[in-house]
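Residue numbers (full-length UniProt numbering), protein chains in the order written: chain X, 1 to 401; chain D, 1 to 401; chain Z, 1 to 401; chain W, 1 to 401.
Contents: one structure, followed by commentary.
There are 4 protein chains.
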Amino acid sequence: MSSLGRLSTTCFDRGCFPKPQVERRSSSVRIFPIRCSVASAPPQSLQVSDSKAHQSEKYRIGVLGASGYTGSEIIRLLANHPYFEITLMTADRKAGQPIGSVFPHLVTKDLPDLVAVKDAEFGDVDAVFCCLPHGTTQEIIKGLPNSLKVVDLSADFRLRDLGEYEEWYGQPHRAPDLQKEAVYGLTEIYRKEIQAARLVANPGCYPTSIQLPLVPLIKARLIEVKNIIIDSKSGVSGAGRGAKEANLYTEIAEGIHSYGITRHRHMPEIEQGLTDASGERVTVSFTPHLMPMSRGMQSTIYVEMAPGVSTEDLYQHLKNFYEKEEFVVLLKNKEVPHTRHVRGSNYCLLNVFPDRIPGRAIIVSVIDNLVKGASGQALQNLNLMMGIPENTGLLNLPLFP
Amino acid sequence: MSSLGRLSTTCFDRGCFPKPQVERRSSSVRIFPIRCSVASAPPQSLQVSDSKAHQSEKYRIGVLGASGYTGSEIIRLLANHPYFEITLMTADRKAGQPIGSVFPHLVTKDLPDLVAVKDAEFGDVDAVFCCLPHGTTQEIIKGLPNSLKVVDLSADFRLRDLGEYEEWYGQPHRAPDLQKEAVYGLTEIYRKEIQAARLVANPGCYPTSIQLPLVPLIKARLIEVKNIIIDSKSGVSGAGRGAKEANLYTEIAEGIHSYGITRHRHMPEIEQGLTDASGERVTVSFTPHLMPMSRGMQSTIYVEMAPGVSTEDLYQHLKNFYEKEEFVVLLKNKEVPHTRHVRGSNYCLLNVFPDRIPGRAIIVSVIDNLVKGASGQALQNLNLMMGIPENTGLLNLPLFP
Amino acid sequence: MSSLGRLSTTCFDRGCFPKPQVERRSSSVRIFPIRCSVASAPPQSLQVSDSKAHQSEKYRIGVLGASGYTGSEIIRLLANHPYFEITLMTADRKAGQPIGSVFPHLVTKDLPDLVAVKDAEFGDVDAVFCCLPHGTTQEIIKGLPNSLKVVDLSADFRLRDLGEYEEWYGQPHRAPDLQKEAVYGLTEIYRKEIQAARLVANPGCYPTSIQLPLVPLIKARLIEVKNIIIDSKSGVSGAGRGAKEANLYTEIAEGIHSYGITRHRHMPEIEQGLTDASGERVTVSFTPHLMPMSRGMQSTIYVEMAPGVSTEDLYQHLKNFYEKEEFVVLLKNKEVPHTRHVRGSNYCLLNVFPDRIPGRAIIVSVIDNLVKGASGQALQNLNLMMGIPENTGLLNLPLFP
Amino acid sequence: MSSLGRLSTTCFDRGCFPKPQVERRSSSVRIFPIRCSVASAPPQSLQVSDSKAHQSEKYRIGVLGASGYTGSEIIRLLANHPYFEITLMTADRKAGQPIGSVFPHLVTKDLPDLVAVKDAEFGDVDAVFCCLPHGTTQEIIKGLPNSLKVVDLSADFRLRDLGEYEEWYGQPHRAPDLQKEAVYGLTEIYRKEIQAARLVANPGCYPTSIQLPLVPLIKARLIEVKNIIIDSKSGVSGAGRGAKEANLYTEIAEGIHSYGITRHRHMPEIEQGLTDASGERVTVSFTPHLMPMSRGMQSTIYVEMAPGVSTEDLYQHLKNFYEKEEFVVLLKNKEVPHTRHVRGSNYCLLNVFPDRIPGRAIIVSVIDNLVKGASGQALQNLNLMMGIPENTGLLNLPLFP
């Protein structure tokens, strides 16, 4: 059972019911040989079936940097994925340990032990999620076999301008050729390019929440690109699992503060995306805030509309633009997006509100920073790159309350 | 495509890979005609398939009381269920509204609008989850067609002793015959009876977290039934969505308190279960605590061991007892269960620790009160009652952080 | 012991060491006869003294609406006040109860029982804090003896334009004459007027956090009044103690959302204050957010500077303006105000940051919404009105963590 | 102005109105020369007074280890203390910094900069609070001038049995003579000894919450000392400010877990105290839990009553025992103590409940772990040691919500 056609005939998994987007994806299906034959041997009965037999025929996936939050989130999302199977997980400081001792919430899952990245057998995997810190990432991805598909969740391949990379990250880029190859993984905007990509630079969480509403509006010239004011609020998991005094429970609970005002490293990524959409250089005001929630991100965006444009025009344009998208959802008139209503899911909820100042509008966008803002979008991208429905493994509803 | 056999041959959904428990379940399969033919028509391609065509052939499920937290949790769990489809949702005070206006986290899901229970067409459903308040529940279930399978999440059918019901709930029981028919739905303990049941009384959250570890130990006479001290800690969702001053964020955040000391309504349910296991009347000390988490429950249980018994004996017995269970997991030696490691999932994590006082042991058990403590176990039960793998729809990993 | 001089000779209480502002306050001392003779009878020893004897000679204070959060906060702040003694507390629905049964954190304090407002003996009090809902408040204050000093924490006397009041509060104003008499109680800006006032309209929490930084900058023409964008984040206590589904722990924890976008009732109060400062009509963009903290408020304010003005100019002007103020503190260069660093205290922390967009600046202001944003500022005002040091009772440091 | 009598005549500060306990304290007054002449120079007016002039005549206090939470809490409590003035603060890794850069919530307070402990001038202080980690503490206290009064908040001088110290802390005790001199600072139980002490070992937080209810009951032989089961729940500040992964916001929020089961280092301290009360060796079951609150601690204690004793007897005995105490408060019948109702205050709230199992009782005790469980009790002790009213600086009401 190895043909794509046969696979699809047996497919009734929820992952197989995307909104029809045949034309966009069809080419990518051929790029990569389908190894997935998960349903080849019919289970003998409804109650008994042996998943193990099939697992070796799923795509073999590696997770580099599995001891951080984005890594563990990839593992969570892949746990029931019908076509992907994790066969490699690296974590240098935890090498030799089972994942359940690093992340006890994964203890019930049968997974390979962690290995050091230098000991990883990359010949045995078809694709990797790279969840390593920026800097390190470039060298490691450079060393991977060229046959591997890679989704990189670090910032290393997001900025096309290497000078800008050096300016914001304090070191020269060490893999400029790979940078040229990398496709920016904002799925709904760059789907076609992602389907054909080998290396995808997965967007940052803030840039995702900001570009999803702004790029269509800027492209359509509905808003001015001057004086875009972005006030974002993030949960703490965005800061990672590193032990820092500033992220202790006692330092975060029951309070809020701005940080990295005008100096946050997502700034150049945001401006690059908006500049691409606009065609002219865009400079934004961007102030992130850290607040007591583990997951979640809201961007409240204050914009000037182009002359003669109304908030209703913005609303309609976004409605049309995202109408067929599964994960970007424009709420009904006046309904306010809440971060808690996307928790644990890959959704981005949006809405547009008239401002009290004439000519201005307020756009609100919410995501789960670890899902649509990181690992969920990464999976959405790898699904596309592997030629399978892009929503596979991503259809869990938000966890509320 | 209507035969069970054919269904199973196409089954590679994660829901179809339970631990083999053929002998237990096989009989139940025949009880209820399988209507589920979800995979009948092969999708035309990997990317495109029409799930709608199949939905009418899934089991049609009603959720009574869909505007509370256990109701919305049922909806969340069923969202990707391959054999169950929600075709009816009631909520008297929200009748006419779409679920997304009551629970915006469900806005992306295509579901029927809410109706008043009096307007519900029960002829069109195969089974219901009853998420109504105690008291009301009896009358409504009494009025349901006899052909319906029912899982009742209220307390109304949990207590066999109707006098005890009246004592703790302050009103006489109005459906004593149904009470006799009802099977207590502590899945891992009463699986066989549940498979054959038409009406299941789904256990309370505290009783679930307490009986899962204690029932096997009491049955095996490894612990004394006198002086069982249970100190439980619960998240706030257990109190429901009713607007009460005591459950405001400001009244709950950053604090803890005991409540209902010796008078909590789960008390008789706990004692009934332990008495059944023991054969003699058991009276326990049970003190619940309310603390700032939306989901989660820990029971810390202090027991005296029978003469000559060691904590290692308790550990081994629980290990053997739950070895083949998917959802009840005994952690490794000394590993401490955390509620946050089961959040959003159907798992119960357990462990046993030696006490400093000779002859005593400490047992820790954690669940998500809304999942294994309510809607997850309810789905586990309905799966069993409908003859499908009991883990179907329940394999999501916990959401952490 | 009734002369002011005598009182002051015994004063070493911390409340008596304000920053010297003699000239501003001296006149007010004569306005109201000093009844406070708290130190008249020398205690017999260091260890033993009888406070009761003196209490009747303190100012007698009434708290109307003592069962809400602003009421209980007044009680907390007055607990150790050397010149004020609570002799009357009203709460209609809790009449007859001791405060400790309504607010158990006050159980250790010896206070009069709650009475219904209609049963209150206003002849026995010198001043009242009115913590009642808007609407109700007007009628009640109208009925108070004219000799009473009143600080009203509701919105009823904040808006000078009665048409605007009716528009935003949905009912005509029923005490227009009192409205004319009322002084707006933004202490640092209107201190002189407050000292001479009989009725003070205590500012709202958002307006306090916004006007303290903006009023001086607008008066000095350092910032433009067009395109002022205010993104505020509030703790939940601002919503009061009423039982509402939306404010349940489960609905608030681990998330954030905007609310009342462009329609929050503090809007006209903010615009009135900024218009007064500017001399021309000011319209602002104001978007409040609700987030999981019981206390705290941050306003992040995005402004355009006047031509030729730098952020350093803004900083210096605020520094000079608030240099002698105890409660409004401009942090050092680049230090970011956190709400958790003012928790429980009357401080407002401010700072100014350059924006990335040339010509713009970002101003951050944090307060505790229940203290400087409500009861603390109310006490600061009543201190002034009674001719005692304005920081009396307000010198507790923030509670962190 | 140096006589005690004169001081007291001017005393109307709230700190000077303790419950009369003349006989207990009078002796201690002579032990230490009173330097405090805070009220010597009459302020010239009610509004203006110069506190600086007097500060040099207050007791000069050192805080060793001022960069941790117990250190900062000492500073908060002393901020308005009429007789104590902080003149020295040490923090080796933060030496040279102002306290406001380490704890921004203290930025408004005029305090000396931090110094390394090796550079501290101990000749210039009258007493120190030692907030250093155990181990380090012994050496440092050994090196202090003998004239200094010392309250040590570490565990180093709590255990009389040096073998036990070595067993639980993994190192031999290095100051055994000091250990002999040290008085255990559980204020309400050892007040007399504390008044006469030079070195006080301040109790741990768990031991405080447990001994306050149990010691009187054990002494009176009202409860059995076998099978005392203690289930405690603590806020996170008890774990200190050290950067540990386990204490990150994301690892703590929305969950609970037991830790250090039977192996917590407070165990021997608890057993020592109960053994002293009983006269026979007491072994208890003690299981602490970590939960999402910054401050607060509840101990739920399950006990067997002595034959013939009722819960009413326990209640009455505790009532009588603590009747005259300011900080230990037995609630009214059936009222449940909440940790949030003591937040930020020095109170311990207690109550006793009948258990469902005959002959057993449930005792609930709550404190703020940083106040009565650490720095507040430390200040209470130093007040006593210095001969001033023991409630001085400790009369702030809890901060709720």
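Glycine included, every Cβ here is placed at the ideal spot set by N, Cα and C.
Note that the structure is a prediction, hence the values are computed from the model and not measured.
Query                                                                                                                                                                                                                        : Result
Output the residue ranges of the alpha helix (DSSP H) runs that lie fully inside the UniProt domain "Semialdehyde dehydrogenase NAD-binding" (60-197) of chain D and measure 4 residues or longer, sorted by chain position. : 69-78, 99-102, 136-142, 162-169, 176-181, 187-195
Whose CA, out of Ala374/D, Asp119/D, Gln316/D, Val150/D, lies closest to the CA of Arg76/D?                                                                                                                                  : Ala374/D
In three-state terms, what does DSSP make of Met385/D?                                                                                                                                                                       : helix
Nearest to Thr87/D by alpha carbon, out of Ile99/D, Arg93/D, Lys94/D?                                                                                                                                                        : Ile99/D
Nearest to Pro82/D by alpha carbon, out of Ile140/D, Leu399/D, Thr392/D?                                                                                                                                                     : Thr392/D
Excluding the 5 residues preceding and the 5 following Asn383/Z in the sequence, name in chain order all residues of the same chain whose CB lies nearer than 6 Å to its CB.                                                 : Glu390, Thr392
Any contact between the region 222-229 of chain X and the region 250-260 of chain X? By contact I mean 3 or more CB pairs, one from each, below 8 Å.                                                                         : no
Under three-state DSSP, which class holds Asp355/Z?                                                                                                                                                                          : coil
Can you find a C-beta in chain D that's less than 8 Å from the C-beta of Thr208/X?                                                                                                                                           : no
In chain D, which residues lie less than 9 Å from Phe103/X when you measure between Cβ atoms?                                                                                                                                : His341, Phe400
Report buried or exposed for Gln171/D, applying the criterion of at least 16 other Cβ atoms within 10 angstroms of its Cβ.                                                                                                   : exposed
When the Cα atoms are used, what is the spatial distance from Ser37/X to Pro145/X?                                                                                                                                           : For Ser37/X, the predicted structure reports a pLDDT of 32, less than 50, and the residue's modelled location is therefore unreliable. The matter cannot be settled from this model.
Would you list the one or two residues that DSSP bridges to Val364/Z?                                                                                                                                                        : Thr300/Z, Asn351/Z
Any contact between the region 357-364 of chain X and the region 292-308 of chain X? By contact I mean 3 or more CB pairs, one from each, below 8 Å.                                                                         : yes
Of all the CB atoms in chain X, is at least one closer than 8 Å to the CB of Glu224/Z?                                                                                                                                       : no
Could you tell me whether the Cβ atoms of Glu254/X and Pro292/X are closer together than 8 Å?                                                                                                                                : yes
Any C-beta of chain Z sitting closer than 8 Å to the C-beta of Ile357/X?                                                                                                                                                     : yes
Should Asn247/D be flagged as near chain Z, meaning a C-beta pair shorter than 8 Å?                                                                                                                                          : yes
Against chain W, does Ser258/X count as a neighbour if the rule is that its beta carbon must be under 8 Å from one of theirs?                                                                                                : no
Using the Cα positions of Val125/W and Gly62/W, report the straight-line distance between them to the nearest angstrom.                                                                                                      : 6 Å
Check the Cβ-Cβ distances between Leu397/W and every residue of chain Z, and say whether any is below 8 Å.                                                                                                                   : yes
Sorted by chain position, which residues of the same chain lie with C-beta nearer than 8 Å to Val128/D's C-beta, five sequence neighbours on each side aside?                                                                : Ile61, Gly62, Val63, Leu64, Leu88, Phe122, Leu144, Leu148, Lys149, Val150, Val151
As a quick exercise: from Leu349/W, Asp313/W, Glu312/W, Thr339/W, pick the residue whose alpha carbon is nearest that of Leu330/W.                                                                                           : Leu349/W
Within a Cβ cutoff of 8 Å, which residues of the same chain sit near Gly96/D, ignoring the five residues on either side of it in sequence?                                                                                   : Asp113, Leu114, Val115
Could you work out which residue in Ser154/Z, Arg93/Z, Tyr184/Z is closest to Met385/Z when comparing CA atoms only?                                                                                                         : Tyr184/Z
Excluding the 5 residues flanking Gly204/Z on each side, which residues of the same chain have their C-beta closer than 6 Å to its C-beta?                                                                                   : His266, Glu269
Taking a contact to mean a Cβ-Cβ separation below 8 Å, would you say Ala175/W touches Val200/W in this structure?                                                                                                            : no
Roughly how many angstroms lie between the CA atoms of Phe84/D and Val215/D, to the nearest whole one?                                                                                                                       : 31 Å
Please state the DSSP three-state secondary structure of residue 444/W.                                                                                                                                                      : Only positions 1 to 401 of chain W appear in the structure, and residue 444/W is not among them; the question remains open.
If we count the other Cβ atoms within 10 Å of its Cβ and call it buried at 16 or more, is Lys233/D buried or exposed?                                                                                                        : buried
Using a Cβ-Cβ distance under 8 Å, would Glu251/X count as near chain Z?                                                                                                                                                      : yes
In this structure, what does DSSP give as the bridge partners for Ile230/D?                                                                                                                                                  : Phe286/D, Ile301/D
In whole angstroms, what separates the C-alpha of Phe353/D from that of Ile194/D?                                                                                                                                            : 32 Å
Within its chain, find whatever has a CB closer than 8 Å to the CB of Asp313/D; leave out the 5 residues flanking it on each side and keep chain order.                                                                      : Leu222, Met305
Kindly indicate which three-state DSSP category His341/Z falls into: helix, strand or coil?                                                                                                                                  : helix
What are the partner residues of His317/W, as DSSP defines its beta bridges?                                                                                                                                                 : Bridge partners of His317/W: none, in fact.
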